[in-house]
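Worksheet: the structure to be examined is printed underneath.
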Amino acid sequence: MNFVDPKEYNYPGLVRKNRYKTILPNTHSRVILKSLDEEDFLTTYINGNYLKGYGGEERAYIATQGPTVNTVGDFWRMVWQEKSPIIVMITNLEEKNEVSVQTGSPSFQWAHDRSLQVQHPMNQEGQP
């Protein structure tokens, strides 16, 4: 059950940022993406909320919808911004022989200085 009034998120173009129009993030705990243009709501929006941990730790976890074609970039921006060490997915990548979750899965590699290097899975010709 969603306790958010859809009118709170009545922005042009926002429909493509939500997997379902009736499941919206709670405004008090919504993850806000950092953006060069924080005046543009769409660049700071992801359908995700911070959750408390077992001991009451604030922002211990993030719950978000599986990425779609329109939100996979936002998803990885959130993972990077929030320094998420673990991602747990509790859905299938495919439903009824159709891709339901876009991973856009980059390959990760740790450098010797412990910084994270991210590579998009493209071949030499720039094709996925």
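If you're matching positions, the sequence shown starts at 30 in my numbering and goes up one per residue. Note that the Cβ used here is the ideal one computed from N, Cα and C, for glycine as well. Please read all numbers here as calculations on a predicted model, not as lab measurements.
Beta bridge counterpart(s) of residue i as assigned by DSSP
| i | result |
| --- | --- |
| residue 80 | 90 |
| residue 61 | 74 |
| residue 128 | 123 |
Exposed unless 16 or more other CB atoms sit within 10 angstroms - verdict on residue i
| i | result |
| --- | --- |
| residue 60 | buried |
| residue 77 | buried |
| residue 41 | exposed |
| residue 34 | exposed |
| residue 121 | exposed |
Contact under 8 Å by Cβ, residue i with residue j
| i | j | result |
| --- | --- | --- |
| residue 38 | residue 53 | yes |
| residue 75 | residue 93 | yes |
Top-ranked residue by Cα proximity to residue i, from the options
| i | options | result |
| --- | --- | --- |
| residue 65 | 84, 106, 94 and 124 | 106 |
| residue 117 | 127, 111, 90 and 103 | 90 |
| residue 69 | 43, 114 and 58 | 43 |
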